[in-house]
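First up is the structure itself, then whatever we jot down about it.
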């Protein structure tokens, strides 16, 4: 009657309960065991579902983590609306820098690396909603008469250095965040910006 | 007589042979099994050494991967010297974008994420030599009368977006690399640059 994707997206019902239980189990295990510290069998046991249900619906643990983290980003962490573009970007950058130490955030990165079977679309799909939220924040600024930016400027100039500096053990303080903002805002004036 | 670190760094001898055998084994397993697809026992078997030797000397598989990848970067992949700052940065960015799909490169990122016990210094130590190489490339440009840059501008504006865009399934083409270069070079003119 319906394919797997429709079942997965239908709100309520058994399918939604399984999803919620699996998400909760993964969320807890990420904190307790850390990224890479548990298996599908561990998740199934804690969620009270059959391991084969997880394999059938998600394919891999990485796919569950990507879905969970994308959902948390879009649902739990609303984007700032401070009234100025610079204010919004600074609030966003501060949150991103604070968020990177969370086990779920590192697991998200690890899942992206570990899931070698994911194609480009599968990688980007969980994040399309977040990208749309970022673009809305930037479009509000443009509508106020501030510079017009594409959300990839935030990915390149804020999110990317926040993640990589953390992984390389390089510190990030408030002047660094201001520097990231300057680069983001300067992107509008650069010849190759799209 | 000597502590472990001195033994490890002494060229030649049994210690150097063990290091070379372990590096080769990890290098091969990264290609064959992928990041996360093998254990210390697998490495020991292939290298013909005792697993306890690996644990004693490196502490973890992540530490071996970090050491190996840092050594490859500094020894195998020399930095460009094209005669202009922009030429050097473009050659560097192209290499980085091509290199990210290598299993060893992804394993390096995964090791940085997975090695939760590493402190900040342990994370950055394997990369200090590479950082010095990058700074030398930039200092050559400064000595020619071109703008003066700190190597963190390359980390932030080139390496970070190359890595994150790849992980998120976002494409990188030649105009993107030019954009990354523009941002790197524009860093000199920004108020917060250090």
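Protein chains in written order, with the UniProt record's numbering: chain X, 1 to 194; chain V, 1 to 194. Built from N, CA and C at the ideal position, the CB exists for glycine as well.
Query: Chain-ordered residues of the segment 101-127 of chain V with a beta carbon less than 9 Å from chain X; Result: 103, 106, 107, 109, 110, 112, 113, 114, 116, 118, 119, 120, 121, 122, 123, 124, 125, 127
Query: Contact with chain V by residue 155 of chain X, beta-carbon distance below 8 Å; Result: yes
Query: Close-in-space but distant-in-sequence residues of the same chain around residue 44 of chain X (CB under 6 Å, 5 per side omitted); Result: 51, 54
Query: Closer than 8 Å to chain V by CB, residue 63 of chain X; Result: no
Query: Burial state of residue 81 of chain V (16 or more Cβ within 10 Å); Result: exposed
Query: Buried versus exposed call for residue 88 of chain X [16 or more other C-beta atoms within 10 Å across all chains shown]; Result: buried
Query: 6 Å CB neighbourhood of residue 106 of chain X in its chain, flanking five on each side removed; Result: 35
Query: Proximal chain X residues relative to residue 53 of chain V, where beta-carbon distance stays under 8 Å; Result: Per Cβ cutoff of 8 Å: no residues; residue 53 of chain V is ~24 Å from chain X at best.
Query: Cα-Cα separation between residue 6 of chain X and residue 46 of chain X, rounded to whole angstroms; Result: With a pLDDT of 43 at residue 6 of chain X, under the threshold of 50, the predicted position of this residue should be treated as unreliable, and no value is reported.
Query: Residue 128 of chain V burial status per 10 Å Cβ neighbour count (16 or more: buried); Result: exposed
Query: Own chain residues within Cβ distance below 7 Å of residue 91 of chain X, not counting five before or after; Result: 80, 82
Query: Own chain residues within Cβ distance below 7 Å of residue 103 of chain X, not counting five before or after; Result: 30, 31, 34, 35
Query: Inter-residue Cα distance where the pair is residue 23 of chain X and residue 114 of chain V; Result: 21 Å
Query: Chain V contact for residue 7 of chain X (CB, 8 Å cutoff); Result: Because the pLDDT of residue 7 of chain X is 45, which lies under 50, any placement of that residue in the model is unreliable, and the number read from its coordinates should be weighed accordingly. No, residue 7 of chain X lies away from the interface with chain V (no Cβ there is under 8 Å from its Cβ).
Query: Neighbourhood of residue 70 of chain X by C-beta, 6 Å cutoff - its chain only, sequence neighbours within 5 removed; Result: 126, 127
Query: Short CB-CB distance (under 8 Å) between residue 87 of chain V and chain X; Result: no
Query: CB of residue 165 of chain V within 8 Å of CB of residue 183 of chain X, strictly; Result: no
Query: Chain X within 8 Å of residue 183 of chain V, Cβ atoms only; Result: yes
Query: C-beta contact flag for residue 186 of chain V and residue 186 of chain X at 8 Å; Result: yes
Query: Contact list for residue 165 of chain X against chain V, beta-carbon separation under 9 Å; Result: 152, 155, 156, 160
Query: Contact check, residue 158 of chain V vs residue 93 of chain V, beta carbons under 8 Å; Result: yes
Query: Same chain, Cβ closer than 6 Å to residue 66 of chain X, five either side skipped, listed in chain order; Result: 111, 126
Query: Partner residues on chain X for residue 168 of chain V, Cβ-Cβ distance less than 8 Å; Result: 112, 123, 124, 127, 155
Query: Distance between residue 15 of chain X and residue 1 of chain X (C-alpha atoms, nearest Å); Result: Any reading at residue 1 of chain X needs caution, since the residue's pLDDT is 40, under 50, leaving its predicted position unreliable; the model's value is listed next. Straight-line Cα distance between these residues: approximately 15 Å.
Query: Residue 100 of chain V (DSSP reduced to helix, strand or coil); Result: coil
Query: Chain X contact residues for residue 35 of chain V, given Cβ-Cβ distances below 7 Å; Result: 113, 114
Query: Distance, residue 169 of chain V Cα to residue 77 of chain X Cα; Result: 22 Å
Query: Minimum Cβ-Cβ distance from residue 187 of chain X to chain B less than 8 Å; Result: Of the chains in the structure shown, none is chain B; the protein chains are X and V.
Query: Straight-line gap, residue 200 of chain X to residue 142 of chain V (C-alpha atoms, nearest Å); Result: No answer is possible for residue 200 of chain X: the residues shown for chain X start at 1 and end at 194.
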